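Notes follow once the structure below has been shown.
Number of protein chains: 2
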Amino acid sequence: MALTMFDAVFPSVLRTLGSLDAILDKATAFCEARKIEPTVLLQYRLAPDMFALTRQFQIVTDQAKGMASRLAGVDVPAYADTESTIPEVKARIAKTRDYLKTFSASQIDGSEDRKISLKLGGNEMTFTGRDYVFGFVLPNFYFHAATAYDILRHAGVELSKRDFLGAVDGFTPPQARS
Amino acid sequence: MALTMFDAVFPSVLRTLGSLDAILDKATAFCEARKIEPTVLLQYRLAPDMFALTRQFQIVTDQAKGMASRLAGVDVPAYADTESTIPEVKARIAKTRDYLKTFSASQIDGSEDRKISLKLGGNEMTFTGRDYVFGFVLPNFYFHAATAYDILRHAGVELSKRDFLGAVDGFTPPQARS
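Protein chains in written order, with the numbering used here: chain A, 1 to 178; chain B, 179 to 356.
Here's what the structure looks like:
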């Protein structure tokens, strides 16, 4: 069965979004156990000029909804970027997962040669669907997903890479250091 | 032109390896300017039970060489994991890039349905080539690449996401916070 755009990215992106949702449950439990105000965690960052945790989740979901929309050739839904609590961040992830699940393989497959244009920092970028997904979306998506994980690990939340990877093809990888 | 395994992953993985090599040059300059012993940076980590910087680079390159080898059905070359200086880590990245460049598209294409088995933590995992690459290799590869970046950013090295993404399809993305 030939490789298709849908199969290459939708399952893994959806799974990582699910992992991030579960990671936020652990972050919530951590805040409760340690009597930490969740807002402090959401504003935590690895360096003063890096984005805080909330923004990492916003960008991860932006990459996912942008990918699905642009590959299918439909408008990208706008999100307000107003999340200030963990349940609100979780709701954004849930909304994004639900949105991705509305796409069928037939809307996505063949998009490897679709011309994709987006504005970034005032510059218009034009990609093929292939370069957009594999050279732009996935590096960005995983960069911000991993940085969200790293911020929480640095803050003391007990996570392992298993939490990040989730169940791989029905198999849950063994506990591993990251 | 239909999507192929080679086009989906080789260019972006090679580009990220190049980005990491350039990031290490900035880390070297940072150490010189700040009179920091590079070994301290290589042993830096975000939490006491997370891997140090050197290990992040080792895993990134392991994922890349493992991917190329397994998709092509050849033995995975063993690396000694003895790097203790930045030039040695850079040499490992260079060796991995050179190795990936020995593969032609014809060795990789069609591997989406190849059965891939690997041992992880004593468990045998079996994937299709598709699930192995998109559900295991890329999440791991970018996870450790981003964590390497995050460790260096946390240590004070001046980097931006542009350093991580590298040039996208000939276009270098504008400076952006991460």
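Using N, Cα and C, we set each Cβ at its ideal position, and we do this for glycine too.
Predicted model only: the values in this text are computed from it and were never measured.
Determine the chain A residues that contact residue i at a beta-carbon separation under 9 Å, and present them in chain order.
| i | result |
| --- | --- |
| residue 320 of chain B | 138, 139, 141, 142, 143, 145, 146 |
| residue 343 of chain B | 135, 136, 139, 140, 143 |
Between the Cα of residue i and those of the options, spot the shortest distance and give me the residue it belongs to.
| i | options | result |
| --- | --- | --- |
| residue 117 of chain A | A/138, A/18, A/76 | A/76 |
| residue 325 of chain B | B/298, B/223, B/260 | B/223 |
| residue 161 of chain A | B/211, B/317, B/330, B/282 | B/317 |
| residue 33 of chain A | A/133, A/144, A/156, A/14 | A/156 |
| residue 217 of chain B | B/266, B/302, B/180 | B/266 |
| residue 232 of chain B | B/244, B/246, B/250, B/269 | B/269 |
| residue 67 of chain A | A/154, A/166, A/164, A/115 | A/115 |
| residue 152 of chain A | A/13, A/8, A/31 | A/31 |
| residue 308 of chain B | B/277, B/273, B/291, B/204 | B/291 |
| residue 41 of chain A | A/150, A/163, A/164, A/166 | A/150 |
| residue 56 of chain A | A/93, A/106, A/133, A/14 | A/93 |
| residue 78 of chain A | A/25, A/95, A/47 | A/95 |
| residue 106 of chain A | A/8, A/132, A/72 | A/72 |
Given this structure, state the Cα-to-Cα distance separating residue i from residue j, to the nearest angstrom.
| i | j | result |
| --- | --- | --- |
| residue 248 of chain B | residue 297 of chain B | 13 Å |
| residue 336 of chain B | residue 188 of chain B | 28 Å |
| residue 230 of chain B | residue 108 of chain A | 39 Å |
| residue 6 of chain A | residue 101 of chain A | 11 Å |
| residue 23 of chain A | residue 29 of chain A | 10 Å |
| residue 175 of chain A | residue 124 of chain A | Here residue 175 of chain A scores only 39 on pLDDT, less than 50, and its place in the model should not be relied on; the value that follows carries that caveat. Those two C-alpha atoms are separated by around 43 Å. |
| residue 288 of chain B | residue 20 of chain A | 32 Å |
| residue 43 of chain A | residue 35 of chain A | 16 Å |
| residue 64 of chain A | residue 315 of chain B | 19 Å |
| residue 305 of chain B | residue 3 of chain A | 15 Å |
| residue 227 of chain B | residue 74 of chain A | 44 Å |
| residue 103 of chain A | residue 18 of chain A | 17 Å |
| residue 275 of chain B | residue 143 of chain A | 21 Å |
| residue 58 of chain A | residue 179 of chain B | 33 Å |
| residue 277 of chain B | residue 238 of chain B | 14 Å |
| residue 163 of chain A | residue 192 of chain B | 27 Å |
| residue 134 of chain A | residue 344 of chain B | 13 Å |
| residue 319 of chain B | residue 310 of chain B | 12 Å |
| residue 358 of chain B | residue 85 of chain A | Absent from the structure is residue 358 of chain B, since the part of chain B shown begins at 179 and ends at 356. |
| residue 37 of chain A | residue 186 of chain B | 42 Å |
Buried or exposed for residue i, please, with buried defined as at least 16 other CB atoms from any protein chain shown within 10 angstroms of its CB.
| i | result |
| --- | --- |
| residue 16 of chain A | buried |
| residue 82 of chain A | exposed |
| residue 300 of chain B | exposed |
| residue 190 of chain B | buried |
| residue 240 of chain B | buried |
| residue 25 of chain A | exposed |
| residue 323 of chain B | buried |
| residue 258 of chain B | exposed |
Could you work out which residues of chain B lie near residue i, taking near to mean beta carbons separated by less than 8 Å?
| i | result |
| --- | --- |
| residue 46 of chain A | 224, 328, 331, 332 |
| residue 12 of chain A | 312, 313, 316, 317 |
| residue 81 of chain A | Within 8 Å Cβ-Cβ: nothing; residue 81 of chain A doesn't reach chain B, min ~15 Å. |
In chain B, which residues lie less than 7 Å from residue i when you measure between Cβ atoms?
| i | result |
| --- | --- |
| residue 9 of chain A | 312 |
Return yes when at least one heavy atom of the ligand NAP lies under 6 Å from the C-beta of residue i, else no.
| i | result |
| --- | --- |
| residue 98 of chain A | What this structure holds is no ligand at all, so the ligand NAP is not there to describe. |
| Segments assigned beta strand (DSSP E), at least 3 residues, entirely inside the stretch 304-344 of chain B | none
| said: So within the stretch 33-99 of chain A, which uninterrupted beta strand (DSSP E) runs reach at least 3 residues, ignoring any that extend past its ends? | reply: none
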